[in-house]
Every structure is written in C-alpha cells, then in structure tokens.
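Chemist:
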Amino acid sequence: MAKFLTNKEENYSQWYNDLVTKADLAENSAVRGCMVIKPYGYAIWEKIQAELDRMFKATGHVNAYFPLFIPKSFFSREAAHVEGFAKECAVVTHYRLKNDEDGKGVIVDPAAKLEEELIIRPTSETIIWNSYKNWIQSYRDLPILINQWANVVRWEMRTRLFLRTAEFLWQEGHTAHATREEAVQETEKMINVYSDFAENYMALPVIKGCKSENERFAGAIDTYAIEALMQDGKALQAGTSHFLGQNFARAFDVQFTDKTGKLDYVWATSWGLSTRMIGALIMAHSDNKGLVLPPRLAPVQVVIVPIFKNAGQLESISEVAGNIKKELEGSGISVKYDDRDNNTPGWKFADYELKGVPVRIAIGPRDLENGSVEIARRDTLTKETISVGSVLPHVTSLLGDIQKNIYDKALQFRNEHTFYVDTWDEFIKKLDEPGGFIMAHWDGTTETEEKIKEETKATIRVIPFDSPMEAGKCVYSGKPSERRVLFARSY
RNA sequence: CGGGGUGUAGCGCAGCCCGGUUAGCGCAUCUGGUUUGGGACCAGAGGGUCGCAGGUUCGAAUCCUGCCACCCCGACCA
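Under our numbering, the first sequence has 411 at position 365, and the numbering climbs by one with no breaks.
1. Report the residue from Leu160, His127, Ile363 whose alpha carbon sits nearest the alpha carbon of His288.
2. Contact between the segment 182-201 and the segment 298-306 is defined here as three or more beta-carbon pairs at a separation below 8 angstroms; is this criterion met?
3. Please go through the same chain and pick out, in chain order, the residues whose beta-carbon is closer than 6 angstroms to the beta-carbon of Ile407, but skip the five residues on each side of it.
4. Would you kindly work out how many angstroms separate the C-alpha atoms of Thr286 and Gly130, rounded to a whole number?
5. On a Cα-Cα basis, can you pick out the residue from Val252, Gly219, Ala96, Met248 that is closest to Met236?
6. Extract the residue ranges of the beta strand (DSSP E) inside the segment 412-488, only unbroken runs of 3 or more that lie entirely within it.
7. List the endpoints of the continuous beta strand (DSSP E) containing Ile506.
8. Please work out which residues of its chain come closer than 8 angstroms, Cβ to Cβ, to Asn451, disregarding the five sequence neighbours upstream and downstream, and give them in chain order.
9. What is the DSSP secondary structure of Asp310, counted as helix, strand or coil?
10. From the DSSP secondary-structure annotation, give me the bridge partner or partners of Tyr270.
11. Here's the rule I'm using: 16 or more other beta-carbon atoms within 10 Å means buried, otherwise exposed. How should Met515 be labelled?
12. Should Glu245 be counted as a contact of the ligand SAH given a C-beta to heavy atom distance under 7 angstroms?
13. Counting only runs of 3+ residues fully inside the segment 102-132, write out the beta strand (DSSP E) ranges in chain order.
14. For Glu227, count neighbouring C-beta atoms within 10 Å of its own C-beta (all shown protein chains included) and say buried if the count is 16 or more, exposed if not.
15. Determine the direct distance from the alpha carbon of Gly435 to that of Gly417, and round the result to whole angstroms.
16. Report yes or no: do the segment 246-266 and the segment 503-518 share at least 3 C-beta pairs separated by less than 8 angstroms?
17. Output needed for Trp61: all residues of its chain with C-beta closer than 8 angstroms, excluding positions within five of it in sequence on either side, in chain order.
18. For the alpha helix (DSSP H) that contains Met329, what are its first and last residues?
19. Reducing DSSP to helix, strand and coil, say where Ile83 ends up.
20. In the structure shown, what three-state DSSP assignment does Arg569 receive?
21. Can you grab the Cα-Cα spacing for the pair Gly106 / Leu191, in whole Å?
22. What number of angstroms, rounded off, separates the C-alpha of Ala136 from the C-alpha of Glu528?
23. Under the rule that 16 or more other beta-carbon atoms within 10 Å means buried, what is Glu517, buried or exposed?
24. Could you compute how far the alpha carbon of Pro352 sits from the alpha carbon of Gly358?
25. Can you tell me which of Gly378, Leu319, Ala326, Met323 puts its alpha carbon nearest to the alpha carbon of Val348?
26. Quick one: residues in its chain with C-beta nearer than 7 angstroms to the C-beta of Val441, no 5 flanking neighbours on either side, listed in chain order?
27. Buried or exposed, going by whether 16 or more other CB atoms sit within 10 Å of the CB of Asp413?
28. Helix, strand or coil, according to DSSP, for Leu191 in the structure here?
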C-alpha cells in the first residue's frame with residue numbers, strides 16, 4: 047500500500063499539503079473540520095467541475111443557485127429528511143454582534159435573536175422544493191432539470207480531509223417530473239453519468255447499485271450509488287442519485303395539472319457529487335512518490351523541464367521548449383514550462399511527480415545536439431528519448447495510454463480485492479486480510495445488516511445492478527437469499 | 001461524549017524520566033560563491049512569550065495542579 051495512506055510517513059504532510067490543509071483559522075471549534083483547498087487542489091476540482099458540467103448540459107440540465115440559509119420550518123416538513131440530517135446541522139440564531147461592555151472584543155447581541163432559526167444547508171431539497179412550488183402549475187412546466195454548484199455544511203463529529211469535512215463543495219441536481227417513470231429514468235440516467243465520469247475521467251472503476259433501506263438518503267424512495275475501492279481496502283461512496291418519489295412534493299405541496307386535467311403531486315429526483323472525489327483520486331491512484339493524476343483531470347498534463355548550465359543554454363532550450371509547448375497546446379494539451387533557475391532539475395522532477403503531472407519532458411544540451419527530448423510518464427515512472435519532431439503524436443497517444451493504464455491498474459486492484467464468500471468465517475477473514483469488496487448473500491433484513499455492521503464494521507455498500515439472481519443462504523443468518531450484495535468497510 | 005497520545009522557530013522533531021551554560025537539530029528562509037541529465041554544496045545570517053495560568057524551588061521546557069488546543073481510535077456520516 048502506498049505510504050501516504052498510513053498518514054504518518056514523513057512525506058505525507060509535505061505533498062498532501064500541496065493540495066489542501068486543515069483550515070489555518072481553526073483556533074476554535076467553530077471551523078474545526080473545515081478545509082482550505084489550496085490552488086493546486088482547487089485546480090483539480092475545477093477540472094472535475096468542467097467535465098461534469100459539460101455532461102449535465104449534454105443531458106439537458108441547467109445551472110441555478112438557491113440560498114445558503116434554510117428556515118427551520120422548511121427543513122422539518124419532510125419527516126424522514128429532518129430525522130436524517132437533524133443531528134449534523136449548523137444553526138444560525140442571531141444576526142448581529144456588538145462590542146462587549148467590558149471592552150474585550152465582541153459578543154452576540156441578544157437583541158438580535160432571530161424569530162426563526164436558519165439552518166445552513168446540509169443539502170438543498172427543502173429550499174429548492176419550496177421554490178418549485180411557485181414554479182409549477184401545469185404539466186407544461188415540467189420537467190425542471192436544475193443543477194446547483196454550492197457548498198454545504200454537515201456538522202460531522204469526526205472529519206477527514208477531503209473525504210469528510212464539515213463544509214464541502216459539491217453539485218446537487220434537483221429535478222421535477224410529471225410521471226414516476228420519467229423520474230425513475232432520470233435517477234438512472236444520472237447514476238450512469240456519474241459512473242461514466244468516474245470510469246472515463248477519474249480512471250476509477252465503480253460498482254453501480256441500489257442502497258439498502260438502511261443506507262438510503264433521508265427522504266428518498268430509492269438511492270442509487272457508485273462505490274469505488276480505495277487502496278487501503280475501504281469503500282468510498284463516490285456519487286449518489288436519489289428517486290424521491292412524491293415525498294418532497296407532498297411536503298411542499300407542489301401539485302400540477304396533468305394532460306387530463308387531474309391534479310397530482312410532482313415526482314422528484316436529486317443527485318450529488320462532491321470534493322470527496324479529490325480524496326478518491328488520492329486514495330485510489332497515488333503511490334510512494336505522490337499523486338498520480340489521470341490525464342483527463344490533470345490541471346497540468348505535460349511539464350517541460352530544461353536542463354542548463356548557463357543563460358545561453360537556457361535560451362536555446364527555451365526556443366525548442368516554446369515550440370513544443372505551442373504545438374501541444376494547439377492540440378488542447380495543457381503544458382507548463384518550468385524554467386525557474388532556483389531549483390535543480392532533480393528537484394523539479396521529484397516535485398512534479400509529487401503533484402502527479404502525467405507526462406514530463408526534459409530537454410538538455412545533449413538533446414539540443416541530438417534533436418531529441420527525454421519523455422517520462424508518471425504512472426509507470428519510465429523514461430524514453432524521442433525526436434523533437436515526434437513529440438506531438440507521441441504525447442497524444444501517451445496521455446491516452448496513461449489514462450487507460452491508471453484505470454486498468456485500479457480495476458486489477460479491485461478484482462484482486464473482491465471476494466465471493468459463502469461462510470461467515472470467510473467473510474470475517476477476507477474483510478480483515480486483505481480487505482476489500484465482499485460479495486455475499488444477505489437475507490434482506492435491516493436486522494441482519496446491523497448485526498453484521500456491529501460485529502465487523504462492514505456495511506452493505508450497494509446491491510449491485512449487475513448482481514445476478516441466484517438462490518443462496520445469508521452469510522450471517524443462513525436464511526434464504528436471492529442475490530449477492532456488496533459488503534465493505536467504508537469511509 | 002468515552003479511550004489513548006501530543007503541544008518547543010514557518011514545517012518536522014530532540015531535550016523532560018533524573019530541574020542547573022546563552023534551549024538544540026533537520027527542512028525551509030535570507031546573503032555570497034560554486035553548481036544544475038534524479039530532491040546540489042560551502043560559508044555566513046535571521047527567526048522562540050518552550051500551548052495557557054498558577055504552584056514547588058536559589059533556579060522550571062523539565063516536577064505538581066488546573067485549563068486550552070490538536071491528532072488517533074470509537075459512537076455519527078457523503
């Protein structure tokens with residue numbers, strides 16, 4: 047397993063620090079568990095945003111923005127929803143401060159108490175459906191296919207950078223439909239968009255499936271999720287798509303007149319994907335030298351490092367490098383030319399490996415003479431020398447190779463860590479060593495699910511869509527089961 | 001909120017058990033020079049209320065008491 051995952055190795059803090067830190071301002075508990083996303087980490091998020099946004103628009107969605115504050119009364123309209131989130135909400139009770147009378151700083155002005163508290167959104171279903179009420183009268187107003195890029199706050203007891211922070215960035219889609227079928231279709235469509243994104247952009251193989259009742263989103267009829275396996279054998283929920291039925295329409299009284307003139311409640315879906323994905327990239331692909339970014343999400347795809355002894359040499363190299371940069375950029379490849387003279391080439395090599403830049407080109411005096419460049423790939427750490435003229439076709443195909451290779455590696459890892467078990471003994475053994483995904487029969491009861499969780503900390507991640515029907519016996523209770531489900535310890 | 005651990009320079013740490021020079025090391029920073037094909041080297045410099053408050057003592061980073069913060073493990077969860 048990569049060193050960084052142990053969290054204690056000397057390099058860990060150094061390179062992780064390039065991406066993110068715990069909030070520097072965390073002098074007190076108010077911002078405990080929040081993160082500052084540093085420029086390089088944010089650049090990765092911007093790539094994720096750009097690709098997802100493109101995919102959302104291609105499937106007919108538009109962006110909008112709703113308020114951060116949700117009146118408490120909105121929040122409590124849907125019973126299951128409030129129960130699911132109540133324990134982790136930040137609540138605004140006042141709107142003003144004043145100078146403390148003893149002259150030491152400021153205090154909350156008791157006169158500025160809000161009549162109704164405001165909840166800082168942990169998710170936006172309630173405030174959005176409160177708006178939809180006014181937007182929808184007829185079937186002609188449907189469907190509404192809206193996405194929002196936003197921050198949300200969930201007051202977690204324990205946080206972990208990127209994977210679980212008190213405040214995180216995400217996108218949340220909220221759609222409204224005239225029929226159940228259409229809403230179900232939307233739910234499926236979006237989980238497919240997510241798995242497409244995970245596999246083709248993040249190079250992260252995922253299992254698509256349905257959550258058990260126990261793990262379902264608070265207020266949903268059905269929750270679909272994609273689950274990925276991290277290098278430490280734990281599962282990570284990478285995206286969710288919920289079929290909300292008419293629950294929120296009922297809670298907010300959103301009815302429409304259908305073609306036959308009959309009144310009915312609107313059907314809803316919601317779906318989300320967060321900055322946790324950056325954590326997924328780190329946990330799934332990194333090695334001992336640092337981050338390994340899939341080319342399609344790398345802020346810098348190619349870095350050019352000159353090797354020079356004096357200004358004259360640098361000038362000649364810069365000319366060659368400049369041409370290569372222009373040529374690659376002309377083909378839509380992002381290139382950084384690092385001609386700083388305050389670090390040695392060796393230092394730069396190590397630094398860009400730490401940052402996960404997929405391709406590195408080194409040009410030195412030797413290359414000038416031979417009309418060549420040295421080209422290195424991050425995923426395999428191998429190097430070769432090619433002619434200047436062949437850089438563009440070479441790099442183009444190399445980026446494709448790397449993207450595929452990172453995915454294949456992750457897939458192979460997952461295959462080697464997926465176990466079909468039929469006995470409780472085996473279940474426990476495989477879960478502990480080596481850990482990973484366990485495909486096992488389950489009797490379908492919440493009771494069994496919870497007992498398994500209690501005894502092993504493993505939960506049902508999903509009931510995979512492609513898990514075939516096959517008669518079997520529950521691995522825990524021995525009662526009959528009709529298909530295998532995916533168990534794992536998770537983040 | 002329970003169990004464990006840690007607070008010493010921007011970062012990482014040693015020193016504490018057994019109190020006693022001017023609190024030290026690595027990285028980073030700054031200056032000058034030599035370097036540059038895998039994290040360069042030499043010389044010099046700057047940077048500290050030793051988490052906070054009290055106590056013991058001639059003397060406290062070190063011992064005692066209280067408090068605070070952070071980390072790890074649980075309960076909670078995307």
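No residue lacks a Cβ here, since even glycine has one placed at the ideal position from N, Cα and C.
Modeler: Let me lay it out:
1. Of the candidates Leu160, His127, Ile363, the one whose C-alpha sits nearest the C-alpha of His288 is His127.
2. yes
3. Ile350, Val419, Ile421
4. 16 angstroms
5. Checking every option, the nearest Cα to that of Met236 belongs to Gly219.
6. Here the runs fully enclosed are 418-423, 429-433, 464-466, 483-487.
7. 505-510
8. Asp425, Thr426
9. strand
10. Paired residue(s): Cys256, Ser287.
11. exposed
12. This structure does not include the ligand SAH; it has no bound ligands of any sort.
13. 115-117
14. By the neighbour-count rule (16 or more Cβ atoms within 10 Å), Glu227 is not buried but exposed.
15. 8 angstroms
16. yes
17. With a pLDDT of 42 at Trp61, under the threshold of 50, the modelled position of that residue is not reliable, and the figure given next carries that caveat. So the qualifying residues of the chain are Phe50, Gly336, Leu337, Leu400, Lys401.
18. 322-331
19. strand
20. The structure shown has nothing for residue 569, since the chain only spans 47 to 537.
21. Using only the alpha carbons, I get a separation of about 7 angstroms.
22. One Cα belongs to Ala136, the other to Glu528, and the distance between them is close to 42 angstroms.
23. Reading the sequence as shown, one finds Ala at residue 517 and not Glu. Label assigned to Ala517: exposed.
24. When rounded, the separation of the alpha-carbon atoms in Pro352 and Gly358 is 12 angstroms.
25. Gly378
26. Val348, Leu374, Ile379, Val405
27. buried
28. Strand, per DSSP.
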